[in-house]
Amino acid sequence: MLIQTPSFASRRHFGDDMVAGTKIGSHHAEGFDLALRDADREIVVVKDEGFVRHVLVRNFTDALSGVAEITEDNAHLLVSEYKARREGELAVLTRHFPAGSVERQEAEWLHLVLYTAEQCAKEGVTLSEWAEWGIVSINAGPTNEIAPLGPASQMRNAMGIEAGGNGKPLDPAEYQRGVDYWNQWATVA
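As structure tokens, then:
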């Protein structure tokens, strides 16, 4: 499986973008991609959904968990804002814990959300010719369970590429799974 981190994901996970979620300081994007191709590294394909593939790999980076549980003691620290990931995309309501406001656990697993090279091209994401898959998100966590996509992201996806989504229809059961999970957890900036 030939995986590449495109520039937008590189900025988000390896750069200085001030967005919530997983940050990796021990590698640059190209080094991370090379480490994924290491013949001894086990990559577990958890779920294939057409142009989307969810895979897990044991954490080999300095990434801390990108989420924290919402408790009575920390709920007041949550920050909410309407935010678009890039120009031309609809802003959606997001919430997160500011960096340093909650204790972060060491991540045991990296959950990679991959799109096929074809889907990346449809969305205007450039990959090298050799790449079969593009990383659209890296989610570091303490377990090998994959967190469901948040409700706002699911709705944006259902609205199509022109709104910043991917065209995947809304699945009510998956939507409810997202609501249940993200009522208990929040990303950490």
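Residues 2 to 190, numbered by the numbering used here, are exactly what the sequence shown covers, in order.
All C-beta atoms in this analysis are idealised placements derived from N, C-alpha and C, irrespective of residue type, glycine included.
A Cβ-Cβ distance of about 4 angstroms is found for the pair Gly166 and Arg157, placing them in contact under the 8 angstroms criterion. Between the stretch 143 to 154 and the stretch 115 to 124 there are fewer than three inter-stretch CB-CB distances shorter than 8 angstroms, so the stretches are not counted as touching.
Contact between Gln5 and Asp34 holds: CB atoms are separated by about 6 angstroms, below the 8 angstroms threshold.
Fewer than three Cβ pairs drawn from the stretch 72 to 80 and the stretch 129 to 146 lie within less than 8 angstroms of each other, which leaves the two stretches out of contact. The beta carbon of Leu3 sits closer than 8 angstroms to the beta carbons of Arg38, Trp131, Ala132, Glu133 and Trp134 from its chain, once the five residues preceding and following it are set aside; these are given in chain order. Every unbroken stretch of the beta strand (DSSP E) spanning 3 or more residues and falling wholly within the stretch 20 to 73 is given here in chain order: 45 to 50, 53 to 59 and 68 to 70. Here DSSP, grouped into helix, strand and coil, assigns Ala148 to coil.
When the beta-carbon positions are compared, Ser66 and Arg12 stay at least 8 angstroms from each other.
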